[in-house]
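Have a look at the structure below before the remarks.
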Amino acid sequence: MSENEHMLAVRSRINDLAAKAKTPEGLTEAEKAERADLRQEFLANFREGMRSQIEMLQVIDKDGKEVTPEKVKQIQRDKGLRDD
1 MSENEHMLAV RSRINDLAAK AKTPEGLTEA EKAERADLRQ EFLANFREGM
51 RSQIEMLQVI DKDGKEVTPE KVKQIQRDKG LRDD
């Protein structure tokens, strides 16, 4: 199973548990624990993806000059993504 397929399965299971939580029977303690674990996994994956996108960011102003924040430039240099 690819990472994307895995995360789709995680999201689907979170949604299933959310729907069940709204029913009169609610969630068992085991399901509540599973939901918490799945949420943590989903958020960690989301944060990593967002971090990766930001680290690849290059900001150009309206005059065509690069104005990428220095912190982002340094991260890119550390990862070998920049030569300057």
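Residue numbers (the UniProt record's numbering): 1 to 84. Ideal placement from N, C-alpha and C gives every residue a C-beta, glycine not left out. For clarity, every value in this text was computed on a predicted model and none was experimentally measured.
The beta carbon of THR68 sits closer than 6 angstroms to the beta carbons of GLN58, VAL59 from its chain, once the five residues preceding and following it are set aside; these are given in chain order. Non-local C-beta neighbours of ARG82 in its own chain, meaning closer than 8 angstroms and more than five positions away in sequence, comprise LYS73, GLN76, ordered along the chain. The C-beta distance from ARG39 to ILE14 rounds to 6 angstroms, short enough to fall under 8 angstroms. GLU25 sits in coil when the DSSP states are folded into three classes, being neither helix nor strand. Approximately 5 angstroms separates the beta-carbon atoms of ALA21 and LEU27; this is inside 8 angstroms, confirming the contact.
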